[in-house]
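Student: Heads up, the working numbering is the position in the sequence shown plus 1290, with the first residue counted as 1.
Questions regarding the structure given below will be posed in turn.
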Amino acid sequence: MTSGLKASQPWKDLQTHFESIRDQHLRELFAQDPDRGATLAAEAVGIYLDYSKNRISKETMRLLFALAESCSLQERIEAMFRGEKINNTEQRAVLHTALRAPRTASVMVDGSDIIPQVHEVLDKMSAFCDRVRGGQWTGHSDRPIRNIVNIGIGGSDLGPVMAYEALRHFSQRNLVFRFVSNVDATDFAEAVADLDPAETLFIVASKTFTTIETMTNANTARDWLLSHFGGDTAAVAKHFVALSTNADKVAAFGIDTENMFEFWDWVGGRYSMESAIGLSTMLAIGPTAFHEMLAGFHEMDEHFRSAPLDQNLPIIMGLLAVWYANFFQVETTAVLPYEQYLKRFPAYLQQLTMESNGKYVTTEGQPVDYQTGMIYWGEPGTNGQHSFYQLIHLGTRLVVCDFIAFAKSLNPIGNHQDVLIANVLAQSEALAFGKTDDEVRSEGTPPWLVPHRVFPGNRPSNTILAEALSPGVLGKLIALYEHSVYVQSVIWNIDAFDQWGVELGKVLAMRIVPELESHASDDLYHDSSTNSLIRRYRKLRR
Ligand code: G6Q
């Protein structure tokens, strides 16, 4: 049995329409509708989305909106905001939107309003950050904190690192920030190599406080600190704070729960960077700028919740992703920020998109008979132009691109910004329209070289343009992608908020660790490949 999506009338209408548009070139589409550059665009909350360089017509969008309506998209959006348990397999509400709701809002979960707790934690974080940033929070030997090391992985790392890098311009420069995620000891060793323990604060960020990588790194950090303080465990209280939903485990680790910043099970790891998990971000940019970021998220939330389908940025982006994934059978989306501060944004988006929509069964547990989440990847422009853009321009695969650009640089020096923006515009233009055989010949290219220099074009892209990167704009941008991911999951009828694929890794590794450490027994019960590798590892290690 399958989900029925492909049998639905709106889907069939899209399939019929696809047959008529699949071979049309963007050159023809622009010739037929010369204004589409202005009309296939939408703007909200200071974010401009030009989606005209996609292989669509107005009819495509009309049919995609009809599909969205047939999937009750707007009801599903309301269900999320209202706190219904839309994370079906974990029976949890999904309320990252409540993390950025104003103090005056009210959101009920299991009969109680969660907004007061959200703001209580934000206030506790602000007071703490003010003390650290002002030098009043001192270490065990009364020296102010200069170094902040966030220990966490996955959702407890990628958001914080991305936000720190993205908002570095707004950060307090006398504080050093490091992020340790990998259980490979090199990550920890290199992160602390030049740090003085007496001036270092560790933030142990873990929703569950059981993740093996984070707990291993946190224990190593504690040993590193205590070896400096002659084993005096009283030092832990001044040098460790925890971000978690699990107070018992935090206390068991030895961190005073007074130094714990709480969040809740209705916040998914990859949707948690504006919860307590954002403590490192708040330490870097300060409480005021952190609240500006939350306000940016909230503006996009409100837009998503209230704007009509055809003006709704996350809905448009989400439906276009479905169009490419399921009709053109596109495998990947390249996210290409022309903003150096967003260098970790593609890595962050990889988790957001692929962990959320990498699902092969519907919410009812039936296998899907269509593709779900695309592969997301990318690098900042212009660097990528000198490496992988070759394949996007001239390869055999269709790659969808999201270009992200800002009108103003945070470092306005000379004409760098105009050169940067000229590049992003030139790339999307070349991808869409290419360079014809005649154009190449008319440049005097020898005939044998012509095919190599012809650009087929017809390669689609979105361009997202905002005035300048700021905490608020970052919030809007992240919320745009978060909600686009949700839109896709509603169409595909999958649970975007569980992550059983990640859970498996956590369990399997725990089983093998003692086998690697064991010298005595050769009784291994894995497959012959895994058994051989374990034996080989033991031998090499000796
Ligand atoms: C995110 C995932 C996953 C998670 C990490 C860390 O949505 O669940 O990436 O964030 O596995 O988990 P903890 O925060 O519990 O350590």
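From the three backbone atoms N, C-alpha and C, an ideal C-beta is built for every residue, glycine too.
(1) Between LYS1528, ASN1602, LEU1569 and THR1672, which lies nearest to GLN1289 when the distance is taken from Cα to Cα?
(2) Can you tell me which of the three DSSP states ASN1549 falls into?
(3) When burial is assigned at 16 or more other CB atoms within 10 Å of the CB, is LYS1302 buried or exposed?
(4) According to DSSP, simplified to helix, strand and coil, what is TRP1554?
(5) If you run the structure through DSSP and keep just helix, strand and coil, what is LEU1330?
(6) Which partner residues does ILE1665 have in the DSSP bridge list?
(7) Within the continuous alpha helix (DSSP H) that includes ASN1713, where are the two ends?
(8) Would you tell me roughly how many angstroms separate the C-alpha atoms of HIS1518 and ALA1488, rounded to the nearest one?
(9) When the Cα atoms are used, what is the spatial distance from PHE1678 to GLY1668?
(10) Are there any heavy atoms of the ligand G6Q lying less than 7 Å away from the beta-carbon of GLN1381, as far as the coordinates show?
(11) I need the DSSP call for PHE1492, collapsed to helix, strand or coil.
(12) Going by DSSP in three states, LEU1363 sits in which element: helix, strand or coil?
(13) Which of the three DSSP states is assigned to THR1510 in this structure?
(14) Under a three-way DSSP split, which group does PHE1499 fall into?
(15) I need the boundaries of the alpha helix (DSSP H) containing ARG1317, first residue and last residue.
(16) According to DSSP, simplified to helix, strand and coil, what is MET1291?
(17) Have a look at GLU1564 and GLY1442 and give me their C-alpha separation to the nearest angstrom.
(18) Would ILE1703 be called buried (16 or more neighbouring beta carbons within 10 Å of its own) or exposed?
(19) Classify ALA1388: buried if its beta carbon has 16 or more other beta carbons within 10 angstroms, exposed otherwise.
(20) Compare the C-alpha of TRP1554 against each of VAL1335, GLN1407, LEU1357 and SER1808 and name the closest.
(21) Out of curiosity, what's the CA-to-CA distance linking LYS1829 and LEU1814?
(22) Closest to HIS1386 by C-alpha separation, out of LYS1348, ILE1711 and PHE1787, would be which residue?
(23) Cβ of SER1496 within 7 Å of any heavy atom in the ligand G6Q?
(24) Just checking my contact of PHE1551 with VAL1411 at CB under 8 Å: how many whole Å lie between their CB atoms?
(25) What does DSSP give as the partner residues of LEU1533 in its beta bridges?
(26) What first and last residue would you give for the beta strand (DSSP E) that runs through THR1578?
(27) Can you name, in chain order, every residue of its own chain whose Cβ lies under 6 Å from the Cβ of TYR1338, other than the five neighbours on each side?
(28) Measuring only the C-alpha atoms, how far is ASP1513 from ALA1585?
(29) Report the CB separation of ALA1383 from TRP1556 in whole angstroms; it is logged as a contact under 8 Å.
(30) Three or more C-beta pairs closer than 8 Å, one from the stretch 1469-1488 and one from the stretch 1593-1601: is that the case here?
(31) Looking at the structure shown, is THR1428 part of a helix, part of a strand, or coil, going by DSSP?
(32) Going by the CB atoms, is the gap between TYR1650 and LYS1296 shorter than 8 Å?
(33) Is the stretch 1502-1516 in contact with the stretch 1460-1476, if contact means three or more CB pairs nearer than 8 Å?
(34) Note down the Cα distance separating ASN1783 from LEU1639, rounded to an integer number of angstroms.
(35) The ligand G6Q and ILE1545: does any heavy atom of the ligand fall closer than 7 Å to the residue's C-beta?
(36) So the alpha helix (DSSP H) VAL1690 belongs to, where does it begin and stop?
Tutor: Working from what's here:
(1) As shown, the chain starts at 1291 and ends at 1832. That puts residue 1289 outside it, with no answer to give.
(2) Taking the first residue of the sequence shown as position 1, residue 1549 is located at position 259. DSSP, reduced to helix, strand and coil, places ASN1549 within a helical segment of the structure shown.
(3) Within the sequence shown, the letter at position 12 stands for residue 1302. Under the 10 Å beta carbon count, LYS1302 is surrounded by fewer than 16 other beta carbons and is classified as exposed.
(4) In the sequence shown, counting from the first residue as 1, residue 1554 sits at position 264. The DSSP-derived three-state label of TRP1554 is coil.
(5) Mapped onto the sequence shown, residue 1330 falls at position 40. Residue state, collapsed to three classes: coil.
(6) On the sequence shown, position 375 is the one that residue 1665 refers to. DSSP lists THR1622 as partners of ILE1665.
(7) Numbered from 1 along the sequence shown, position 423 holds the residue referred to as residue 1713. ASN1713 -> alpha helix (DSSP H) spans 1706-1723.
(8) Position 228 of the sequence shown holds residue 1518. Position 198 of the sequence shown holds residue 1488. Spanning the alpha carbons of HIS1518 and ALA1488 requires a straight line of approximately 8 Å.
(9) Looking up residue 1678 in the sequence shown gives position 388. Looking up residue 1668 in the sequence shown gives position 378. About 9 Å.
(10) For this step, residue 1381 is matched to residue 91 along the sequence shown. No, the Cβ of GLN1381 stays beyond 7 Å of every heavy atom of the ligand G6Q.
(11) Taking the sequence shown and counting its residues from 1, the one referred to as residue 1492 is at position 202. Correct three-state label for PHE1492: strand.
(12) Mapped onto the sequence shown, residue 1363 falls at position 73. Per DSSP, reduced to three states, the secondary structure at LEU1363 is helical.
(13) On the sequence shown, residue 1510 is found 220 positions in, with the first residue counted as 1. Helix at THR1510.
(14) Counted from its first residue, the sequence shown places residue 1499 at position 209. Coil at PHE1499, not helix or strand.
(15) Counting from 1 along the sequence shown, the entry for residue 1317 is found at position 27. Note, ARG1317: alpha helix (DSSP H), 1316-1322.
(16) Along the sequence shown, read from residue 1 onward, the residue named residue 1291 stands at position 1. In this prediction, MET1291 has a pLDDT of 46, which is less than 50 and means its spatial position is unreliable; what the coordinates show is noted afterwards. The three-state reading of DSSP puts MET1291 in coil, since its state is none of H, G, I, E or B.
(17) Within the sequence shown, residue 1564 is the residue found at index 274, counting from 1. Within the sequence shown, residue 1442 is the residue found at index 152, counting from 1. Taking the straight line joining both Cα atoms gives about 15 Å.
(18) Taking the sequence shown and counting its residues from 1, the one referred to as residue 1703 is at position 413. Answer is exposed; the Cβ neighbour count stays below 16.
(19) One-based indexing of the sequence shown puts residue 1388 at position 98. Burial call: buried.
(20) By 1-based counting over the sequence shown, the position of residue 1554 is 264. Answer by Cα proximity: GLN1407.
(21) Counting from one through the sequence shown, the residue named residue 1829 turns up at place 539. Counting from one through the sequence shown, the residue named residue 1814 turns up at place 524. Each residue's alpha carbon lies about 15 Å from the other.
(22) Along the sequence shown, one-based indexing puts residue 1386 at 96. Ranked by how close their Cα comes to the Cα of HIS1386, the residues LYS1348, ILE1711 and PHE1787 have PHE1787 in first place.
(23) Translated into the one-based positions of the sequence shown, residue 1496 becomes position 206. With a threshold of 7 Å, the Cβ atom of SER1496 counts as near the ligand G6Q, since some heavy atom of the ligand is closer than that.
(24) As a first step, residue 1551 must be located in the sequence shown, where it is residue number 261. As a first step, residue 1411 must be located in the sequence shown, where it is residue number 121. Distance from PHE1551 to VAL1411 at the Cβ level is roughly 6 Å; contact confirmed, criterion being Cβ atoms closer than 8 Å.
(25) Here residue 1533 refers to the residue found at position 243 when the sequence shown is read from its first residue. Note: LEU1533 sits in a beta bridge opposite ALA1495 and PHE1551.
(26) Residue mapping note: residue 1578 aligns to position 288 of the sequence shown, counting from 1. Looking at the DSSP string, THR1578 is not in any beta strand (DSSP E); the run it does join, the alpha helix (DSSP H), is 1569-1596.
(27) Numbered from its first residue, the sequence shown carries residue 1338 at position 48. Once the five neighbours on either side are set aside, the close Cβ partners of TYR1338 are LEU1755.
(28) Mapped onto the sequence shown, residue 1513 falls at position 223. Mapped onto the sequence shown, residue 1585 falls at position 295. Their Cα atoms are separated by approximately 39 Å.
(29) Position 93 of the sequence shown, counting from 1, holds the residue named residue 1383. Position 266 of the sequence shown, counting from 1, holds the residue named residue 1556. Right, their Cβ atoms sit about 4 Å apart.
(30) Contact fails: fewer than three Cβ-Cβ distances are below 8 Å.
(31) For the purposes of this step, residue 1428 is taken as the residue at position 138 of the sequence shown. Strand at THR1428.
(32) Reading the sequence shown from its first residue, position 6 is the one you call residue 1296. Reading the sequence shown from its first residue, position 360 is the one you call residue 1650. Taking 8 Å as the Cβ cut-off, LYS1296 and TYR1650 do not qualify as a contacting pair.
(33) Touching, per the Cβ criterion.
(34) Here residue 1783 corresponds to residue number 493 of the sequence shown, with the count starting at 1. Here residue 1639 corresponds to residue number 349 of the sequence shown, with the count starting at 1. Distance from the CA of ASN1783 to the CA of LEU1639, rounded to the nearest whole angstrom, comes to 21 Å.
(35) Along the sequence shown, read from residue 1 onward, the residue named residue 1545 stands at position 255. The closest heavy atom of the ligand G6Q lies 7 Å or more from the beta carbon of ILE1545.
(36) Residue mapping note: residue 1690 aligns to position 400 of the sequence shown, counting from 1. Taken as a continuous stretch (DSSP letters only), VAL1690 belongs to no alpha helix (DSSP H), being part of the beta strand (DSSP E) at 1689-1696.
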